[in-house]
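Here is the structure we will look at.
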Amino acid sequence: MGKFDNPLHIALFPPYDANKNAYLDFSFMLNASLDIFEARTRDRNRVDQDLGMLQAIDERLSIWGWQTGTGTKLAVIVDSWGKSGERASMTDSGMRASKGVTDGDMRVAFRALQTAYVRLLQNPFYVPDEHTPMAVASGKGKGGQITSKRFIQEVNRIGENWKPGISAL
């Protein structure tokens, strides 16, 4: 999300990528997290860009946040049931077979996403100010969404390869 809270890119992964209503549902969830972003970033003593878990939607979905130095917000909605969309199996002792998502797990994903975004900003043909709501409304912008094929491919690579416990992307 841009510094004006405008969505720059939304990517969906299994099991949600085939659902027609998922894009709208996740857009609403991301929009609802903006107030939490604002509340967390008001803390002037905060040194880290990692805002941690912003909100648990339900027992399955949680929103995690990261804010860049330029005010761009990165949000990831994590499905604790995984890509299959099914609950983790129970062990003999009744404990879940998979561990939960930790801040450390998310830092790996956010650092990779921020690196992809920095590479996008280094492209001389990408002008971030063309993606602001005012530029789009005045007809001077190119639209709100990022259309860079390289950026989209990198986000898809990160989303497809990330899982809890991974140490590098």
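Counting from 14, one number per residue, gives the positions in the sequence shown under the working numbering. Beta carbons: idealized from backbone N, C-alpha and C, even for Gly. Note that this is a predicted model, so its numbers are computed, not measured.
When the five nearest sequence neighbours on each side are left out, the beta carbons in the same chain lying within less than 6 Å of the beta carbon of arginine 53 are those of Leu64, in order along the chain. With contacts defined as CB atoms closer than 9 Å, valine 121 and alanine 181 qualify as a contacting pair. By a beta-carbon distance limit of 8 Å, tryptophan 94 contacts arginine 73. Their separation comes to about 6 Å. A check of alpha carbon separations from aspartate 92 across Gly78, Asp48, Ile179 and Ile70 identifies Ile70 as the nearest. Contact fails between the region 34-41 and the region 80-89, because fewer than three Cβ pairs, one in each stretch, are under 8 Å apart. Under the three-state reduction of DSSP, methionine 42 is assigned to helix. Sequence-distant Cβ neighbours of serine 46 in its own chain, meaning closer than 7 Å and more than five residues away, are Leu67, Gln68, Ile76, Gly78 and Ala88. Assignment of aspartate 118 by DSSP, reduced to helix, strand and coil, places it in the helix class.
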